[in-house]
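Novice: Dumping the structure here so I can ask a few things about it.
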Amino acid sequence: MDLSAFCVAQTTIDDEIRANELAAALVTGKLAACVQISEVASHYVWKGAAAREKEFLLAAKIRRADFDAVAAAIRALHSYELPEIIATPIVAGDPAYLDWLRRETERG
Numbered sequence: 397m398d399l400s401a402f403c404v405a406q407t408t409i410d411d412e413i414r415a416n417e418l419a420a421a422l423v424t425g426k427l428a429a430c431v432q433i434s435e436v437a438s439h440y441v442w443k444g445a446a447a448r449e450k451e452f453l454l455a456a457k458i459r460r461a462d463f464d465a466v467a468a469a470i471r472a473l474h475s476y477e478l479p480e481i482i483a484t485p486i487v488a489g490d491p492a493y494l495d496w497l498r499r500e501t502e503r504g
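Structure (structure tokens):
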């Protein structure tokens, strides 16, 4: 299996309900096989001021080819002016899990 075909896309959002809505949209739209949500404390600088906020980190297992569609879905449902939308390659993985990821993100 070609590992370069998959990645983990992530974003953060400040509202748990929105986090769950975004996760559901990605999974039901078959853009992600799985989205995990974790509560995190984010420290960052925004418009020149240091900030610390509670956020929800979404880690979505996706096909790399779907990154642009995933990013568009995140932007459409996100409340931030500039949401974090990044991806990390999957460099190793259980073949059975990766096959499941492939099957769950097939769209027609």
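Just so we're aligned: 430 in my numbering is position 34 of the sequence shown, and the numbers increase by one with no gaps anywhere. Note that CB positions come from ideal geometry on N, CA and C, so glycine has one too.
1. What residue range does the alpha helix (DSSP H) around L454 cover?
2. Measuring straight from C-alpha to C-alpha, what distance separates L494 and L453?
3. If you draw a straight line from the C-alpha of A483 to the C-alpha of Q406, how long is it?
4. Specify the secondary structure class of I481 as computed by DSSP and reduced to three states.
5. Restricting to Cα atoms, I'd like to know which of K443, L427, H439 is closest to K457.
Specialist: So, from the data block:
1. Taking the first residue of the sequence shown as 1, we reach residue 454 at position 58. Run containing L454: none in the alpha helix (DSSP H); it sits in the beta strand (DSSP E), 445 to 459.
2. Numbered from 1 along the sequence shown, position 98 holds the residue referred to as residue 494. Numbered from 1 along the sequence shown, position 57 holds the residue referred to as residue 453. Straight through space, the alpha carbons of L453 and L494 are spaced by roughly 22 angstroms.
3. Here residue 483 is taken as the residue at index 87 of the sequence shown, counted from 1. Here residue 406 is taken as the residue at index 10 of the sequence shown, counted from 1. Pairing A483 with Q406, the inter-Cα distance amounts to about 6 angstroms.
4. Indexing the sequence shown from 1 puts residue 481 at position 85. Coil, per DSSP.
5. Mapped onto the sequence shown, residue 457 falls at position 61. The residue with the shortest Cα to Cα distance from K457 is L427.
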